[in-house]
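Asker: Could you have a look at this structure, given as structure tokens, before my questions?
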Amino acid sequence: MKAETFDRIDNISRRGLLGAGGAFVLAMGLPRAALAEAAEQPKYGADGQSGGWRDDPTLFVAIGEDGTVTITCHRAEMGQGIRTSLAMVIADELEADWSRVRIEQAVGDEARYGNQNTDGSRSMRHLFTPLRRCGAAARTMLEAAAAKRWGVSVGEVAASLHEVVHRPSGRRLGYGALAKDAAALAVPDRGTVTLKAPAAFRYIGRDVASADGVAMTTGRANYGIDARLPDMLYAVIARPPVYGGKVKSVDKAAALAVPGVVRIVDLPAPTLPSVFQPLGGVAVLAANTWAAIKGREALTIAWDDGPNAAYDSDVYRAELERAARAPGQVSRSDGDAEAALGKAARRIEAEYYIPHLAQAPMEPPMALARTSADRCEAWACTQDPQAARDLIAEALKIPVADVTIHQTLLGGGFGRKSKPDYVLEAALLSRAAGGKPVKVVWTREDDLHHSYFHTVSVERLEGGLDAAGRTVAWRHRSAAPSIGSIFGPDPKHQLPFEQGMGLRNVAFAVPDFRAETCAATAHTRIGWFRSVSNIPHAFAVQSFVAELAAAAGRDPKDYLLALIGPDRTIDPRAMGDTTNYGEDPARYPVDTARLKAVINAAARGIGWGRTLPAGRGLGIAAHYSFVSYTACAIEVSVTGGQLTVERADIAVDCGPQVNPDRIRSQMEGSVVMGISLATLGEISFKAGRVQQDNFDGYALTRIDAAPKITEVHLVGGGNWNAPPGGIGEPGLPPVAPAL
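Going by the working numbering, the sequence shown wraps up at 2102, each residue one higher than the last.
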């Protein structure tokens, strides 16, 4: 996206961007994900924030007469700790006693809270400054209320750990005693609010344990699957096994005879592309989940498999390989890579295949809905409550204001739960059941068969080496179906935001550099997955660097650093990247010194360069994503053909480190997930059908295969004037290529 595109859509709501019907047009050539990201980013101000973010303390802070501070979190908690970290920011500027803070989850209400979509590693990146202002404004109001009550100048008072102190006399008033008076005051203009100096931070920059950790680990936390209403029905759905398929005929008699089955409802198949619409099929509603599952098993359905009936992963891989071996659309071109490759002393080639992946969160999609003639209320483990509201309002033909989404905790998300097809299923079935509450339950098989899969790709790279082994030419061709295919006519090429995830914005000092995208048709639902297109691009680029180093007879870490070249800041647009994760390129240039710093930190951590015994090896990789920098070094051993990951050192520079404890947790999780993708992850298709049914076929890394030691190295976090980067996704891309 070009900067002027952001300007054009700055004041358009995400709902407007979606267009009538929940949006399946590629407005301005961009998919909904990119449009939402663009709409969420206001025009760039001096601090990267123009005021498009809500910072009104009355929205996020409530103080009871007993002094309890309730902070409302409007982003989704799925294990990443955002409820804790966002509350920390407000509490710190508020000078609140953390032991007297409680956290409440907001309902879905974009008009009130602003964008609530939790993806793109944007929550802290975009909300750090606004929520600091929110806490500081509330503190300012409490100080003003105390000064007024005492009849003194506000300059004589200061908030300190849940009290306001009159400095000359030592008089004190607790927040509870001041709450009503403060609430009656006007919210101060942001220009008059003073933020704390970093040296005065109580919580920001320090380890703060997850506020939900005890409840999560003792079984008291409530997720989407835990939602209950009196007299509710449970539903499971037989969905078309092939994307774009529909029911030809169905015999319901045996299903209706299953004890506990109440009714069976036909759900129409959507018109393709499906966007976030349910896939259709036949729903079995029952008094309990087991009866609904057994009822579904008893259905006899003949399917029309539709346009994707022949989708076969092996056949499609060959198709992608053919595409990647021919010229594609130019994504970036510096110099003349073709001529330089032809004149190189040596020419190295490699191809990498990355299969479809499923997010497979531990909690599959779940939603409970209750409808009436003119309202809908839903409880769901969704990353994007506003998208769910929009979808339901359109389908039920009711105003968006009459749809309430209660956002529960999420048992993992990874991008799958930002697509609310399952929430709409619950609403449609409640309407079909006469308004009775209906909870839609997805089994693990449902989750794996009907996900929004991470794209499949073939990445072909060619490098030219000079006589000294230096890389003087680089060409990367990437063939992968696009996320844009679910929102409009299949673009058949990766969209700009996908290309800006490690294909075109590679900060290598190679004079002749070329990146291309090759045509690839989508045959299933493609969606974002933790770190999105950075997964295949980083895997290919960083693996190829190691292959070039081997060809040149050089140490791979040293070769990677040499490829990056001298310290410099690069405007992403100079590399053809007009997206830069939605951020101002002047505020967020690509900084090669920061990239090299994380490489060196990971290498130091793992003891790079030491002599290793036979059967052991070290690997290293680095990547820039979501305006953060991450590197991973891994030590492995192989005995009798058995791979063991002995140690992983992962280093990250995300700018200011608000809650180091949660950053470390995100990096540790990224290491395990990255190993899982590299060693186990594959979704494959035959006759249009997913071949993996459960965790026996789509395995995840378990504790015995996790690294024996994982160390996280936090780099560059002391500069509080630097803009914050993302943290949820940047840890994942370098892990697989390091391994």
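Virtual Cβ for every residue (Gly too), placed ideally from N, Cα, C.
1. To which residues of the same chain is V2001 closer than 7 Å at the C-beta, ignoring the five residues directly before and after it?
2. In terms of alpha-carbon separation, which member of D2067, T1431, S2047, L1662 lies closest to D1677?
3. Reducing DSSP to helix, strand and coil, say where T1433 ends up.
4. Sort E1910, P1493, D1482, G1865 by Cα distance to R1695 and report the nearest one.
5. With 16 as the cutoff for other CB atoms within 10 Å, does G1797 come out buried or exposed?
6. Who are F1876's beta bridge partners in DSSP?
7. Three or more beta-carbon pairs under 8 Å between the stretch 1954-1971 and the stretch 1495-1511, yes or no?
8. Do you know offhand how far A1578's Cα is from G1608's?
9. In three-state DSSP terms, what is N2082?
10. Using only the alpha-carbon positions, how far apart do D1737 and D1765 sit?
11. Is it buried or exposed, F2058, if we count other Cβ atoms within 10 angstroms and call 16 or more buried?
12. Closest to F1564 by CA distance: which of A1843, I1846, V2021 is it?
13. Name the DSSP bridge partner or partners of R1535?
14. Determine the closest residue to G1539 out of P1531, V1527, V1786, G1658, with distance taken between C-alpha atoms.
15. Does DSSP put A1402 in a helix, a strand or coil?
16. Take Y1944 and list the residues in its own chain whose beta-carbon comes closer than 6 Å to its own, dropping the five residues that flank it on each side.
17. So what's Y1606 in DSSP terms, helix, strand or just coil?
18. Fully enclosed by the stretch 1576-1607, which alpha helix (DSSP H) runs are 4 residues long or longer?
19. Can you list, in chain order, the residues of its chain whose CB lies under 6 Å from that of K1615, leaving out five sequence neighbours each side?
20. Give me the Cα-Cα distance between G2088 and V2075, rounded to the nearest whole angstrom.
21. Which residues mark the beginning and the end of the beta strand (DSSP E) in which I1667 is found?
22. Assuming contact is defined by CB atoms lying nearer than 8 Å, are A1454 and V1464 in contact in what I supplied?
23. Do you know offhand how far I2013's Cα is from G2032's?
24. Taking Cβ to Cβ, would you say G2018 is nearer than 8 Å to P2093?
25. Give the DSSP-derived three-state secondary structure of V1550 in the structure shown.
26. Comparing alpha-carbon positions, which option in R1794, A1521, D1699, V1515 lies nearest R1838?
27. If you run the structure through DSSP and keep just helix, strand and coil, what is I1711?
28. Using a Cβ-Cβ cutoff of less than 6 Å, which residues in the same chain neighbour A1743 once the five nearest sequence positions on both sides are dropped?
29. At the level of alpha carbons, what is the spacing between A1721 and I1434?
30. Answer with buried or exposed for G1845, where buried requires no fewer than 16 other C-beta atoms within 10 angstroms of its C-beta.
31. Excluding sequence positions up to five away, which residues of its chain have a Cβ less than 7 Å from the Cβ of D1668?
32. So, using beta-carbon positions, are G2079 and R1931 closer together than 8 Å?
33. Which value, in whole angstroms, describes the spacing of the CA atoms of F1876 and L1558?
34. Please report the straight-line C-alpha distance between P1551 and T1431, rounded to a whole angstrom.
35. DSSP on Y1922, reduced to helix/strand/coil?
36. Could you give the uninterrupted runs of the beta strand (DSSP E) lying entirely in the stretch 1453-1504, keeping only those of 3 residues or more?
Answerer: On the basis of the coordinates in this document:
1. Answer for V2001: G1978, listed in chain order.
2. Measuring from the Cα of D1677, the nearest candidate turns out to be S2047.
3. Three-state DSSP puts T1433 in a strand.
4. The residue with the shortest Cα to Cα distance from R1695 is G1865.
5. Exposed, because fewer than 16 other Cβ atoms sit within 10 Å of the Cβ of G1797.
6. According to DSSP, which records beta bridges pairwise, F1876 is partnered with D1697, W1837.
7. Counting Cβ pairs under 8 Å, fewer than three are found: no touch.
8. Looking at the two C-alpha atoms, the distance is approximately 42 Å.
9. Note: N2082 maps to coil in three-state DSSP.
10. Rounded to the nearest angstrom, the two C-alpha atoms are 7 Å apart.
11. F2058 comes out exposed.
12. Put simply, of A1843, I1846, V2021 the residue whose alpha carbon is nearest the alpha carbon of F1564 is V2021.
13. DSSP output for R1535 lists V1528 as bridge partner(s).
14. Looking at the Cα atoms, V1527 is the closest of the given residues.
15. Per-residue confidence for A1402 stands at a pLDDT of 37, beneath the threshold of 50, marking its modelled position as unreliable; the derived number appears in the next sentence. For A1402, the three-state secondary structure derived from DSSP is helix.
16. Sequence-distant partners of Y1944 (beyond 5 residues in either direction) whose C-beta falls short of 6 Å from its own C-beta, in its chain, are F1989, V1990.
17. Of the three classes helix, strand and coil, the one that applies to Y1606 here is coil, per DSSP.
18. Look at the stretch 1576-1607 and you find these whole runs of alpha helix (DSSP H), each 4 residues long or longer: 1576-1580.
19. Residues I1627 of the same chain have their beta carbon placed closer than 6 Å to that of K1615, with the five preceding and five following residues left out of the count.
20. Each residue's CA atom was taken as its position, placing G2088 and V2075 some 17 Å apart.
21. Position check: residue 1667 holds Asp in this sequence, whereas Ile was assumed. Bounds of the beta strand (DSSP E) holding D1667 are 1663-1667.
22. Yes, the pair counts as a contact, with Cβ atoms nearer than the cut-off.
23. If you draw a straight line from the Cα of I2013 to the Cα of G2032, it is about 11 Å long.
24. Taking the C-beta atoms as reference points, P2093 is found no nearer than 8 Å to G2018.
25. Here V1550 sits in coil by DSSP.
26. Out of R1794, A1521, D1699, V1515, D1699 has the C-alpha closest to the C-alpha of R1838.
27. DSSP places I1711 in strand when its eight states are reduced to three.
28. Apart from the 5 residues on each side of it in sequence, A1743 sits with its Cβ closer than 6 Å to the Cβ of G1587, A1730, V1786 in its chain, given in chain order.
29. Put simply, the backbone Cα of A1721 is about 34 Å away from that of I1434.
30. Residue identity check: residue 1845 is Ser in the sequence provided, not Gly. S1845 comes out buried.
31. Listed in chain order, the non-local C-beta contacts of D1668 below 7 Å within the same chain comprise V1605, G1608, G2051, local neighbours out to five positions each way being set aside.
32. Not in contact: G2079 and R1931 (Cβ atoms no closer than 8 Å).
33. Approximately 45 Å, taken between the alpha carbons.
34. If you take the alpha carbons of P1551 and T1431, they lie about 22 Å apart.
35. Assignment of Y1922 by DSSP, reduced to helix, strand and coil, places it in the helix class.
36. DSSP runs (the beta strand (DSSP E)) wholly in the stretch 1453-1504: 1464-1468.
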